[in-house]
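Engineer: Encoded as structure tokens, here's the structure I'll be asking about.
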Amino acid sequence: MATAAGATGAAALWQPQEEGLREICAVLEAHISPNSDQARIWQQLQHYAQFPDFNNYLVFLLARGQGKSFEVRQAAGLLLKNNLRAAFVSMPPSSQQYIKSELLPCIGANNRAIRSTVGTVISVLFQIVGVTGWIELFQALHQCLDSNDLDHMEGAMDAIYKICEDVPEELDVDVPGLSERPINVFMPRMLQFFQSPHASLRKLSLGCINQYIVVMPSALYMAMDQYLQGLFVLVKDPSADVRKLVCSAWVQLIEVRPSILEPHLKNVTELILQANKDSDDEVALEACEFWSAYCDVSMPPEGLREFLPRLIPTLVSNMVYTDDDESLADAEEDESFPDRDQDLKPRFHASRLHGSENGEEDDDDDAVNAWNLRKCSAAGLDVLSNVFGDDILPTLMPLIQQNLARTDDESWKEREAAVLSIGAIAEGCITGLYPHLPQMVAFLIPLLDDKFPLIRSITCWTLSRYSKFIVQSLGHPNGREQFDKILMGLLRRILDTNKRVQEAACSAFATLEEEAAEELVPRLEVILQHLMCAYGKYQRRNLRILYDALGTLADAVGAELNQAKYLDIFMPPLIAKWQQLPNSDKDLFPLLECFTSIAQALGPGFSQFAEPVFVRCISLIQTQQLAKVDPAAAGALYDKEFIVCALDLLSGLTEGLGGGIESLVAQSNLRDLLLQCCVDEAPDVRQSALALLGDISRVCPIHLQPRLQEFLTAAAKQLTPQSVKDAVSVANNACWAIGELAIKIGKEISPVVISVVSCLVPILTTPESLNKSLIENSAITLGRLSWVCPDIVAPHMEHFMQAWCNALCMIRDDFEKEDAFHGLCAMVAANPTGAVSSLANVCQACASWNEIKSEGLHNEVSQILNGYKQMLGAAGWEQCMSTLEPAVVQRLARYGV
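The sequence shown begins at 2 in my numbering and counts up one residue at a time.
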């Protein structure tokens, strides 16, 4: 290779010492042996890293370590990769040059593992220096691709593939000294490889080009016909890896470039349908992603309709468990098997958010295991049912009935898939299914007691998908009886001996609770007895789901829970667990969340449990704030989730106990801890801290003194345009908290009023890009500030009056909207001429009320409107009225204008 001459030049300048080489090899050998002392080896490697030419040794071993084991050479390469990422820029230029020159001759090394490691190191180095910093790399890759030697072609393609995976756009740039952009040179060669006899080259070249579908350089756009023709040939490739990449290309094209596929759509859909039945599950899975992608980009559904009679049976047969599905092994575990650590999924706590739209939770997590063909097929059926509705039933229902009719033990997987199908279409086909719902539910209920655990668990999920309609049917004949059967059936399954069934039943029950709400009250005692019986026998993972079911129950029935006979059932075991778990145990998170819901539901009824819970939350926050700076002293590793959950529980306590929390706040250092959390660098900590700040402002703002101005400054800082862009939920809570404080402390808020208003105005004037909750909270807070400090805000009102009134129209009638209108009236009183140019908007805002409950406010609004009517005179007022919708004018009549 031509680069070899340059390489020898650089190599002549640096030669390794034999002894150094031996030492480093010995450490690397220890590093890759399974039972070595990794901490000690790590220290040795750190020690070697002090030497300026350590990385020269590593690249020498990787490139020229003949006689050393391939494993040691690979280990040297991977260590080199990490070192380059961290420190290449600060290395001496001679080392930089040496490393580059040693890597290039190894692109085509005859050992595949070495080639692959070299490709990885090259791609990391390329990300640091770019094409311009390493023109020789581009030349070497080009030569390898043209060499016709398989090792060289494969090594070059492997390196290019890794570069394309990480930074595809870097190859699509003009480079001084090169006549063409690199991608323009590589693209034709890669397309030629589609016809290579070597599967590895077909796979790598297709994999590379697929990375460009999203960024679509002109090199690919101009060669699109050739690329598509290549895909039509490769879809029948003997290599499953290649077939999978073809399906992946079509899925990406339909997602980001549907117009390119449109002329070929019928042909592609037919081929995808064939691939969906591929003997290789991974190919079938990739093909199956196409159906959801097709529907998500709103392609005309008619293009799919003719395929439904063949597509639906394919999806249903792919929903049957395969023999090697990992769920089958899991399903054998009964509750006596201890949970393994890997069974405990990481959990994510959503910080509190004040406003109209709390995030929708995805409740369809029907199993913990990886995404697979079965789940993808069920998701595809769900999407199709939402697009085609009842039109899929004539094809689907006979398949379901046929599978359910097979009652022998060998056919349990087909029966299970039929129940899964019924659950998958719950949303999309409800119109057609609704008349048959009682028979369908009557058929499903006995399956809750089936001998096969996976049929019991899927039946729980499927019934939960119909919760809304089961609750709606309560008024129908036999509706209550049906509801009770489902409720008791799920409670029985919550006490199942099989872990998978326990989990499915608990999740399904939580979904039913959300829909049923107060309908659960007559059954509260039996529900709590079952849940607490499960509490005594569940292992860690399912306990988390049980806490969720208990918290959801509290949210659903609210104060009804506040009766001694219920409290005696569920509070003692929870308190016992609360005392038993140490401050560093992550199993506290779901328990803290559960207590948050219970505290809000019980209200003042929680006060008998409040003190130990409050004190524990304070100590959790303190421990974590110490752990952040000194983990050893704290006796725990820092994990912000403890702080977030503790802050949210304090919010729940404050909301539940109201003024009853004041004595606890007074005796604690909550104020200083809370201020620290309001300026924390983690957005979710700030989000929960600001929610608590707002809650405390409502009930005992006196305890925020003497640091009130610091709290206000911290909250106002979250509303700058950059902060809103970075963390909209934090801004939302900050905005709400400032409004709550304003109402309580009055004029004391004046130092921050101008800076807050100047941040709220851009939010109100450019609402398109922001969420509804932030706009509503901004409108309310602006009104509250205007109410307590009209003299400060009124002079600026023409800057925001129109946008503000538009936002006020969107807010539903409640006390917060009343506060905002008190502000509107106070401002107009202070500066009547300031609103004349926006008078039509003011009228629309006043007309947006269904009814103002407060008589005082109703009279204030009437006064303002009548004042403007006099100010403008009959002709001027009529002209203003003529710009409004007749319905708006009609609603203004209530104010006597």
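Glycine residues also receive a C-beta, built at the ideal position from the N, C-alpha and C atoms.
Based on DSSP bridge pairs, tell me the residues matched to Asn499.
Structural biologist: For the purposes of this step, residue 499 is taken as residue 498 along the sequence shown, with counting starting at 1. According to DSSP, which records beta bridges pairwise, Asn499 is partnered with Asp335.
Engineer: Is the separation between the beta-carbon of Leu840 and that of Tyr869 shorter than 7 angstroms?
Structural biologist: In the sequence shown, counting from the first residue as 1, residue 840 sits at position 839. In the sequence shown, counting from the first residue as 1, residue 869 sits at position 868. Yes.
Engineer: Please list the segments of the alpha helix (DSSP H) lying wholly inside the region 631-658, counting only runs of 4 or more residues, in order along the chain.
Structural biologist: Listed in chain order, the complete alpha helix (DSSP H) runs (minimum 4 residues) inside the region 631-658 are 632-635 and 641-658.
Engineer: Express the C-alpha separation of Ile764 and Glu358 in angstroms, rounding to a whole number.
Structural biologist: Here the question's residue 358 lines up with position 357 in the sequence shown. Here the question's residue 764 lines up with position 763 in the sequence shown. The predicted model places Glu358 with a pLDDT of 42, which falls under 50 and marks its position as unreliable; any figure quoted below should be read in that light. Computed Cα separation, rounded: 17 angstroms.
Engineer: From Glu819 to Leu529, what distance separates their C-alpha atoms?
Structural biologist: On the sequence shown, residue 819 is found 818 positions in, with the first residue counted as 1. On the sequence shown, residue 529 is found 528 positions in, with the first residue counted as 1. Taking the straight line from one Cα to the other gives about 40 angstroms.
Engineer: Closer than 6 angstroms by C-beta to Ile129: which residues in its own chain qualify, once you throw out the five before and the five after it? Chain order, please.
Structural biologist: The count along the sequence shown starts at 1 and reaches residue 129 at position 128. Closer than 6 angstroms at Cβ, skipping near neighbours: Phe89.
Engineer: Less than 7 angstroms between the C-beta atoms of Gly784 and Ala821, yes or no?
Structural biologist: Translated into positions along the sequence shown, residue 784 becomes position 783. Translated into positions along the sequence shown, residue 821 becomes position 820. Yes; because the gap between Cβ atoms is below 7 angstroms, this pair is in contact.
Engineer: How would you call Tyr295, buried or exposed, if buried means at least 16 neighbouring beta carbons within 10 angstroms?
Structural biologist: For the purposes of this step, residue 295 is taken as residue 294 along the sequence shown, with counting starting at 1. That one is buried.
Engineer: On the criterion of 16 or more Cβ atoms from any shown chain inside 10 Å, does Gly156 qualify as buried, or is it exposed?
Structural biologist: Here residue 156 refers to the residue found at position 155 when the sequence shown is read from its first residue. It counts as buried.
Engineer: Is it right to say Gly231 is buried, meaning 16 or more other beta carbons lie within 10 angstroms of its own, or is it exposed?
Structural biologist: For the purposes of this step, residue 231 is taken as residue 230 along the sequence shown, with counting starting at 1. Under this definition Gly231 is a buried residue.
Engineer: Tell me which same chain residues have a C-beta within less than 7 angstroms of the C-beta of Gln880, skipping the five on either side of it?
Structural biologist: For this step, residue 880 is matched to residue 879 along the sequence shown. Cβ within range, chain order: n/a, list empty.
Engineer: Between which two residues does the alpha helix (DSSP H) carrying Ser293 extend?
Structural biologist: Sequence index remark: in the sequence shown, residue 293 carries index 292 (1-based). Segment Asp282 to Asp297, the alpha helix (DSSP H) holding Ser293.
Engineer: Quick one, are the C-beta atoms of Leu709 and Ala690 less than 7 angstroms apart?
Structural biologist: Indexing the sequence shown from 1 puts residue 709 at position 708. Indexing the sequence shown from 1 puts residue 690 at position 689. Against a cut-off of 7 angstroms, the Cβ pair of Ala690 and Leu709 comes out as no contact.
Engineer: So is Gln196 buried or exposed if we call it buried at 16+ other beta carbons inside 10 Å?
Structural biologist: Along the sequence shown, one-based indexing puts residue 196 at 195. The residue is exposed, with fewer than 16 neighbouring Cβ atoms inside 10 Å.
Engineer: Please report the Cβ distance between Ala717 and Ile739, rounded to the nearest whole angstrom; I am assuming they are in contact, meaning their Cβ atoms lie under 8 angstroms.
Structural biologist: In the sequence shown, the residue the question calls residue 717 occupies position 716. In the sequence shown, the residue the question calls residue 739 occupies position 738. Ala717 to Ile739, Cβ: 7 angstroms. Contact.
Engineer: Scan the region 87-144 and note each continuous alpha helix (DSSP H) run of 4 residues or more that stays entirely inside, going in chain order.
Structural biologist: Here the runs fully enclosed are 94-104 and 113-130.
Engineer: Are the CB atoms of Leu491 and Ala425 nearer to each other than 7 angstroms?
Structural biologist: Start at 1 with the first residue of the sequence shown, and residue 491 comes out as number 490. Start at 1 with the first residue of the sequence shown, and residue 425 comes out as number 424. Result no, Cβ atoms of Leu491 and Ala425 do not sit closer than 7 angstroms.
Engineer: By Cβ distance below 7 angstroms, which residues in the same chain neighbour Leu405 in space, the five residues on each side in sequence not counted?
Structural biologist: Within the sequence shown, the letter at position 404 stands for residue 405. Taken in chain order, the residues that qualify are Arg416 and Ala419.
Engineer: Would you kindly work out how many angstroms separate the C-alpha atoms of Tyr228 and Leu151, rounded to a whole number?
Structural biologist: The count along the sequence shown starts at 1 and reaches residue 228 at position 227. The count along the sequence shown starts at 1 and reaches residue 151 at position 150. Cα to Cα, the separation comes out at about 23 angstroms.
Engineer: Let me make sure I understand the geometry here. Which of Gln719, His859 and Tyr49 has the alpha-carbon closest to that of Glu24?
Structural biologist: As a working note, residue 24 is residue 23 in the sequence shown. Among Gln719, His859 and Tyr49, the Cα nearest to that of Glu24 is on Tyr49.
Engineer: Residues in the same chain with beta-carbon distance under 7 angstroms from Ser669, minus the five sequence neighbours each way, listed in chain order, please.
Structural biologist: If you number the sequence shown from 1, residue 669 lands on position 668. Taken in chain order, the residues that qualify are Ile619.
Engineer: Between Ala76 and Leu29, what straight-line distance do the alpha-carbon atoms span, to the nearest angstrom?
Structural biologist: Within the sequence shown, residue 76 is the residue found at index 75, counting from 1. Within the sequence shown, residue 29 is the residue found at index 28, counting from 1. Taking the straight line joining both Cα atoms gives about 7 angstroms.
Engineer: On a CA-only basis, which of Lys101, Pro93 and Pro17 is nearest Gly66? Give me that one, please.
Structural biologist: On the sequence shown, residue 66 is found 65 positions in, with the first residue counted as 1. Comparing Cα-Cα distances from Gly66 to each of Lys101, Pro93 and Pro17, the minimum goes to Pro17.
Engineer: Would Arg466 be called buried (16 or more neighbouring beta carbons within 10 Å of its own) or exposed?
Structural biologist: As a position in the sequence shown, residue 466 is number 465, starting the count at 1. Buried, because 16 or more other Cβ atoms sit within 10 Å of the Cβ of Arg466.
Engineer: With H, G and I counted as helix, E and B as strand and the rest as coil, what does DSSP make of Asn479?
Structural biologist: As a working note, residue 479 is residue 478 in the sequence shown. Of the three classes helix, strand and coil, the one that applies to Asn479 here is coil, per DSSP.
Engineer: Round the Cβ separation of Leu179 and Leu207 to the nearest angstrom and send it over; I've been treating them as touching at under 8 angstroms.
Structural biologist: Here residue 179 refers to the residue found at position 178 when the sequence shown is read from its first residue. Here residue 207 refers to the residue found at position 206 when the sequence shown is read from its first residue. At roughly 25 angstroms, the Cβ-Cβ gap does not stay under 8 angstroms, so Leu179 and Leu207 are not in contact.
Engineer: Throw me the rounded Cβ distance for the Glu859 and Ile853 pair, which I believe falls under 8 angstroms.
Structural biologist: Here residue 859 is taken as the residue at index 858 of the sequence shown, counted from 1. Here residue 853 is taken as the residue at index 852 of the sequence shown, counted from 1. The identity of residue 859 in the sequence shown is His, whereas the question assumes Glu. At roughly 4 angstroms, the Cβ-Cβ gap stays under 8 angstroms, so His859 and Ile853 are in contact.
Engineer: If you draw a straight line from the alpha carbon of Gln626 to that of Asp54, how long is it in whole angstroms?
Structural biologist: The count along the sequence shown starts at 1 and reaches residue 626 at position 625. The count along the sequence shown starts at 1 and reaches residue 54 at position 53. In a straight line, the C-alpha of Gln626 is about 41 angstroms away from that of Asp54.
Engineer: What do you reckon, are the CB atoms on Pro191 and Ile214 nearer than 7 angstroms?
Structural biologist: Counted from its first residue, the sequence shown places residue 191 at position 190. Counted from its first residue, the sequence shown places residue 214 at position 213. Sequence check: residue 191 is Met here, not Pro. No; because the gap between Cβ atoms is not below 7 angstroms, this pair is not in contact.
Engineer: Cα separation between Asp363 and Ala876?
Structural biologist: Numbered from 1 along the sequence shown, position 362 holds the residue referred to as residue 363. Numbered from 1 along the sequence shown, position 875 holds the residue referred to as residue 876. Reliability of the predicted coordinates at Asp363 is poor, the pLDDT of 40 falling under 50, and no value is obtained from them.
Engineer: Which runs of the alpha helix (DSSP H) fall wholly inside the region 703-740 and span at least 4 residues, in chain order?
Structural biologist: List check, alpha helix (DSSP H) in window: 709-718 and 722-727.
Engineer: If you drop the 5 nearest sequence neighbours on each side, which residues of the same chain put their C-beta closer than 7 angstroms to that of Ile546?
Structural biologist: Position 545 of the sequence shown holds residue 546. Same-chain partners within the cutoff: Glu504, Cys507 and Ser508.
Engineer: Alpha carbons only, please: which of Gln706, Val757, Val168 and Ala114 is nearest the one belonging to Phe127?
Structural biologist: What you label residue 127 is simply residue 126 of the sequence shown in a count that begins at 1. Looking at the Cα atoms, Val168 is the closest of the given residues.
Engineer: Under the three-state reduction of DSSP, which class applies to Phe55: helix, strand or coil?
Structural biologist: By 1-based counting over the sequence shown, the position of residue 55 is 54. Helix at Phe55.
Engineer: Run through DSSP, which three-state label would Thr884 get?
Structural biologist: Residue mapping note: residue 884 aligns to position 883 of the sequence shown, counting from 1. Here Thr884 sits in coil by DSSP.
Engineer: Can you tell which of Arg244, Val269, Val243 and Asp242 has its C-alpha closest to the C-alpha of Ile255?
Structural biologist: Residue mapping note: residue 255 aligns to position 254 of the sequence shown, counting from 1. Minimum Cα distance to Ile255 is reached at Val269.
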